[in-house]
Structures are given as structure tokens and as C-alpha cells.
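A quick write-up on the structure given underneath.
Residue numbers (full-length UniProt numbering), protein chains in the order written: chain R, 1 to 330; chain D, 1 to 330.
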């Protein structure tokens with residue numbers, strides 16, 4: 001190569017060569033610079049999901065979740081909670097299921113008090129149904145759904161941690177409120193919490209459901225819910241209750257495992273008493289718990305099996321809030 | 001059909017018919033009875049693994065575990081612990097790794113004090129090495145190994161629960177003692193527990209190792225351990241330390257996930273002070289922790305990467321020991 005070039009008159013060749021090699025060197029430096037910038041930093045030991053990222057619309061479908069909150073007759077609580085939840089890390093969007101039939105949503109007021117960290121969509125309903133929140137909303141862009149009752153406040157720390165747990169157990173309902181069913185010798189099931197006898201496996205208690213009023217689950221289960229027997233919808237509509245029990249049946253059937261993973265909340269609050277509406281939740285109705293036992297048995301009839309399975313796994317956050325919360329006298 | 005039969009003389013035909021139909025009916029009843037007996041009882045809601053079963057040699061390889069306990073110069077503690085551990089539910093066999101070179105094992109005395117719930121095998125070693133306990137013992141018949149230090153007492157309740165957790169996370173080291181490494185700006189790693197700064201992911205602490213001196217893990221990892229670079233064995237032999245750190249590197253490399261799952265123990269005790277031998281554990285040596293930081297960095301060199309990953313999942317048993325241990329002010 002130099003051969004050919006070397007034939008050119010000495011000085012001209014020299015300048016041309018100089019120019020040529022300079023360009024080559026500059027190009028090589030640029031390429032090297034680009035490659036260096038693209039080199040992955042050694043991050044093997046960092047847990048990618050826990051890093052705090054600025055909230056943007058481009059948060060991937062896997063790294064963020066959609067809050068679905070159904071509301072009836074407690075708009076003051078709704079707005080208080082929206083102010084809290086709109087700023088939760090990894091939140092992508094809020095869907096408010098508006099069960100106040102015929103009443104205007106607070107959308108105008110919401111917009112006038114913008115900007116807001118995330119979009120909030122008000123889905124106006126035509127009938128006040130408990131199962132309205134279980135529609136397969138086209139507004140959903142994330143894999144994960146966070147479903148919250150409109151009177152429940154869970155701290156950002158709890159939600160951030162529970163979301164990271166859901167990411168490790170995406171086929172489960174990962175949430176803060178565990179419940180169980182028990183069998184009785186008659187074959188009739190009963191529904192309850194820890195006050196109910198344990199299912200008899202030795203030590204401690206077991207849970208077989210995690211309530212969806214404070215939990216993360218995969219949006220695929222909303223799709224699945226649309227494919228259930230009519231009798232399930234009729235049951236939920238008849239009782240205005242039990243949509244969460246039905247969801248646990250659905251998930252347990254799908255996975256063949258316990259439907260839920262219980263994350264022990266550090267700071268969860270019921271704001272019912274704070275409402276000015278005078279309306280207190282459905283669970284205050286006298287027949288509420290009896291209805292839920294009724295629902296368990298009806299669902300076993302409808303599905304012709306008891307798919308719920310027990311778990312005794314309780315998950316907490318290592319070193320939080322007390323950095324030595326795992327210590328023992330050794 | 002009756003046509004043909006009806007042709008026979010009335011009385012004879014009648015008796016034959018009677019006999020025939022009786023036989024048919026009896027056969028049908030027997031078949032129905034057999035079918036009823038074979039019908040599965042509705043057991044969908046029972047968790048098979050938690051049921052207390054009588055200990056027999058025929059406990060399947062999946063439903064039981066082998067305890068491997070290495071011992072040096074603390075035979076009094078060993079025997080105290082053997083009396084405790086021999087009666088743990090789901091225990092299949094005990095392997096005692098006898099590091100008291102040249103000294104007779106207590107096998108004779110053990111046998112004279114039989115019968116025992118499970119077989120105990122004493123593996124006499126020729127050299128007192130920390131990594132003796134990580135051999136791929138042919139005596140192992142179960143998938144799960146429980147490895148315990150010879151000065152650590154963990155309650156049966158804790159072990160039964162942790163074993164059930166291991167069965168749900170069989171590729172992890174499921175145990176009671178979490179530790180972590182941290183990066184420093186110099187690129188040099190340090191080893192420690194919660195007193196060390198957290199790795200900086202926001203709230204709380206993280207762990208990246210679960211020590212094998214009180215943990216369940218899959219026997220496959222003992223096989224894997226035999227395939228490691230010579231430098232790893234040299235490191236462990238040089239320090240008489242760090243075999244557990246090496247195992248965590250191995251597991252993390254294998255899974256690409258955090259190596260361990262931490263189960264918070266309710267009742268774990270260090271019996272060191274109870275020994276008459278005057279011998280206290282290796283971790284009392286002045287250089288112990290510095291050695292372990294040294295090991296982390298050496299292993300990163302040997303493997304040319306840092307495979308350890310962080311987790312902040314802490315698992316406890318729902319409703320045990322306090323049946324309301326999951327309750328919150330709501």
C-alpha cells in the first residue's frame with residue numbers, strides 16, 4: 001500500500017498521508033469513545049428493580065404498575081388517597097372506577113389542580129357493581145395491577161417493597177390482607193381470619209387467600225375473570241361482595257398453588273372513620289362474614305372443586321424499618 | 001332375551017332367573033362398593049408437605065433431609081445437639097464429619113445408647129479441613145441437605161418451617177444467618193452483617209449470602225462444589241474459613257439470582273459457652289472478619305466476576321409462635 005503512495009511526489013504524498021492518517025486516527029478515537037460509553041458498568045451485584053428511577057411515561061410495562069381504585073360515596077377519601085398514591089414510586093397510571101352513578105366525576109377539579117405525577121383516568125360506570133373494578137380496562141399498559149380499596153392507605157415503603165416481591169412472584173396475588181377458609185366435618189366451608197381455628201397442619205396458622213383490596217396481581221387475571229361462568233358474576237352481584245374470593249379461586253385454579261403471597265405491612269391504615277360522607281364500608285353489614293362463607297361454598301359448587309391452597313409464608317422487608325429487625329439473641 | 005328364557009318351563013326358569021339376577025345384583029353392589037372405596041376424598045385444600053408423618057426409612061427423597069454436621073474439639077456439644085436433632089421431623093439421616101484426627105468417634109457409645117430415631121454415620125477424616133463437610137457423601141439419599149455448625153441449636157419448629165420453605169425454593173440456600181458484601185469506590189469489596197452500611201437501594205438493608213452453618217440446600221451443590229477451580233480449595237484451606245462464602249458464590253453463579261433465602265429464626269442458640277472443651281469457634285479469631293473480606297475479593301478474582309446478588313426478602317412463619325403475629329393496627 002505504501003508502495004503505491006510512495007510513488008507520489010514526496011511532499012504532496014506526505015500531506016495527503018498526514019491528512020489521511022489523521023482522519024483515520026480521529027475516526028478510531030470516536031469509535032473507541034463510543035464503545036467505551038456503551039460498555040456495561042459492572043452492576044452484577046445491583047438489584048435493578050430497586051433503583052429509584054425518575055418517573056417518566058416511558059417506564060417499561062414490567063417496571064411499573066397501574067393503580068385501580070374503585071370508589072363509591074367517599075369522594076373525600078378518594079381525593080385524599082389520590083394525593084398519596086399519585087406519588088408512589090413505579091406508579092404508571094391511576095384508573096378510578098367511578099361507581100357514583102349519575103354523579104359527575106371530580107375530573108375537572110383534578111385537572112385544575114395539575115400538573116400531576118401520573119395520568120388519572122376516571123371510568124364512569126352505569127351500574128353500581130362491586131365487580132366493576134374487575135373489568136379488563138383497555139387503559140391498562142402495565143403487567144402489574146395494584147388494586148386498592150378507596151378507604152385504605154398503605155405507605156409508599158410498603159408498596160415499593162410489595163411491588164418488588166410481586167416481581168418475584170408474578171403469578172400470585174401479592175398483598176397485605178390474608179384470609180383463610182377452613183373445612184368442617186360436615187364438608188361445609190367457613191371463611192375467616194386468624195380468630196378462626198387453624199387448618200390443623202401443626203404449628204401456627206395458614207392463609208389461603210390474599211384480598212385484592214390491597215394487593216398486586218398480574219393484569220392477565222382480569223382477562224381471565226371475563227371468562228368465568230355466569231354464576232360467578234351472579235353471585236358477586238347478588239351479594240355485592242366476594243369478588244376478591246372469586247379472584248383467589250381463579251388464581252389458585254390457574255397456578256395449582258396458594259393464590260396469594262402475604263407481605264406484612266409496616267404501615268397500613270383504614271381511613272373509613274375519616275370520611276364526611278357518613279358512609280362506612282360494606283364489611284360493616286351484619287351479614288358480611290356469613291356472606292363470605294356462603295360465597296366460598298357457592299364457588300366450590302360452581303367450580304366443582306376447592307382450588308384454594310394453604311400457605312404460611314409471611315414476607316417482611318429485611319432491615320426495615322428497623323435496620324436490625326432480623327437480629328436474634330444467638 | 002326374555003323370549004328365550006320365557007320358553008323354559010315356568011318354575012325352573014323362575015328359580016334360574018332369580019339366581020341369575022341375585023348374582024348380578026351382588027356383583028354390581030360389590031363393584032359399586034369397590035368404586036366408592038377408591039373415590040379420592042376431597043383433599044385439594046390440604047398442604048401435603050406439612051402433614052406430620054411417622055418417621056420411617058421409606059421417607060421419600062423429596063420429603064426428608066439429611067443433616068450434615070462437622071465437628072472439631074467439641075464432642076460434648078455434638079452429643080447434646082445430636083440428641084436434639086435426631087428427633088427433628090422429616091430428618092432422614094445424620095452425617096457427622098469427624099474432624100478430630102486420630103481420635104475415636106463416639107460411635108460405640110452412640111450405639112450402646114440406642115435405639116435412635118434415625119441412622120447416624122460418622123465420617124472419619126484424615127486431615128482437619130473446614131471444607132471436609134462439603135464432600136459429595138455417598139451416604140446422602142435425600143435431595144435436601146441441612147448443614148449445621150456443631151455449636152448451633154435451632155428449634156424443631158424453625159427447622160420444620162425452613163424445610164417447607166426450601167421445598168418452595170429448592171435452588172436456593174434457605175437458612176437462618178444472612179450476611180452481605182458491599183462495594184466500595186475503590187472496587188474492593190468488604191464483608192459484613194447489618195452493622196455495615198447498606199448497599200444503597202433505598203429503604204432497609206440487603207443480604208447477599210446465607211451462611212451454610214445453619215441452612216438447607218440442594219445436594220446438587222455438593223456435587224458442583226467438587227468441580228471448582230483448585231484456587232478455591234486452596235483459599236479455603238489457607239484460611240480454614242470461607243467455605244460458606246464459596247458456596248454462596250457457587251449458588252449465585254448457578255442461578256443468576258440471590259443465592260439465599262433468609263428465614264428469620266424464632267429460636268436459634270449458640271452453645272459455644274456451654275462446651276467443656278475450652279475450644280471456641282473459629283469466628284473468635286482476631287482476623288476472622290478481615291479474612292472473610294479477603295475471601296470475597298479472592299473469589300471475585302478467581303471467578304473473574306461478582307456473582308452475588310442482593311435480596312431483602314425476610315420470611316417468617318404466619319401465625320407462629322404468636323397466632324396473631326401478622327396483625328396490624330388497621
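Where a beta carbon is used, it is the ideal one built from N, C-alpha and C, also for glycine.
Taking residue 248/R as the centre and dropping the five residues before and after it, the same chain places the C-beta of 209 and 259 closer than 6 Å to its C-beta, in chain order. Under DSSP, the beta-bridge partners assigned to residue 180/D are 192/D.
Nearest to residue 82/D by alpha-carbon distance, out of 114/D, 100/D and 224/D, is 114/D. Between residue 313/R and residue 126/D, the alpha-carbon positions lie close to 43 Å from each other. The alpha-carbon separation between residue 95/R and residue 120/R amounts to approximately 6 Å. Annotation for residue 236/R: 130, 131, 242, 243 and 246 place their beta carbon closer than 7 Å to its own, counting only its chain and skipping 5 residues before and after. With 16 or more other Cβ atoms inside 10 Å of its own Cβ, residue 264/R counts as buried. Taking CB atoms only, residue 205/R has a neighbour in chain D less than 8 Å away. Per DSSP, reduced to three states, the secondary structure at residue 124/R is strand. Interface criterion not met: the Cβ of residue 162/R is under 8 Å from no Cβ in chain D. Residues of the stretch 299-325 of chain D whose Cβ lies closer than 8 Å to any Cβ of chain R, in chain order: 305, 306, 307, 308, 309, 310, 311, 312, 313, 314, 315, 316, 317, 318, 319, 320, 321, 323, 324 and 325.
Using a Cβ distance threshold of 8 Å, residue 272/R and residue 280/R count as a contacting pair.
Close partners of residue 198/D in chain R (Cβ separation under 8 Å): 319 and 323. Annotation: Cβ neighbours of residue 165/D in chain R (cutoff 8 Å, chain order): 313. At a cut-off of 8 Å between C-beta atoms, residue 90/R does not count as an interface residue with respect to chain D.
Between residue 214/D and residue 177/D, the beta carbon gap of about 5 Å places them in contact (Cβ cut-off 8 Å).
By the CB criterion at 8 Å, residue 179/D and residue 189/D fall outside the cutoff. Distance from the CA atom of residue 277/R to the CA atom of residue 77/R, rounded to whole angstroms, is 9 Å. Closest by C-alpha distance to residue 289/D, out of 239/D, 256/D, 321/D and 226/D, is 239/D. Within the stretch 69-141 of chain D, the runs of alpha helix (DSSP H) that reach at least 4 residues and sit entirely inside it are, in chain order, 75-85 and 107-112. The contact set of residue 297/R on chain D, defined by CB atoms closer than 7 Å, is empty, because the minimum CB distance reaches about 13 Å.
From the beta-carbon of residue 265/R, the residues of chain D found nearer than 7 Å are 328. With a minimum length of 4 residues, there is no unbroken run of alpha helix (DSSP H) contained wholly in the stretch 139-163 of chain R. The beta carbon of residue 68/R does not come within 8 Å of any beta carbon belonging to chain D, so the residue lies off that interface. Here DSSP, grouped into helix, strand and coil, assigns residue 262/D to strand. Taking 4 residues as the minimum length, the alpha helix (DSSP H) runs contained wholly in the stretch 219-251 of chain D are 220-225 and 230-239, in order along the chain.
Using a Cβ-Cβ distance cut-off of 8 Å, the stretch 309-329 of chain R and the stretch 298-317 of chain D are in contact, since at least three pairs of beta carbons, one from each stretch, lie closer than that value.
Contact check between the stretch 199-206 of chain D and the stretch 137-155 of chain D: fewer than three CB pairs, one atom from each, fall below 8 Å, which does not count as touching. With its beta carbon less than 8 Å from one in chain R, residue 157/D belongs to the interface. For residue 212/D, no CB of chain R lies under 8 Å from its own CB, so it is not counted at the interface with that chain. Within the DSSP bridge table, the entry for residue 173/D names 260/D as partners. The Cβ-Cβ distance between residue 70/R and residue 99/R falls below 8 Å. Around the beta-carbon of residue 172/D, 16 or more other beta-carbon atoms lie within 10 Å, marking it buried. Annotated three-state conformation of residue 212/D is coil, per DSSP. Under the DSSP definition of a beta bridge, residue 270/R partners with 152/R. Contact note: residue 170/R does not reach chain D at a C-beta cutoff of 7 Å; the least C-beta distance is about 14 Å.
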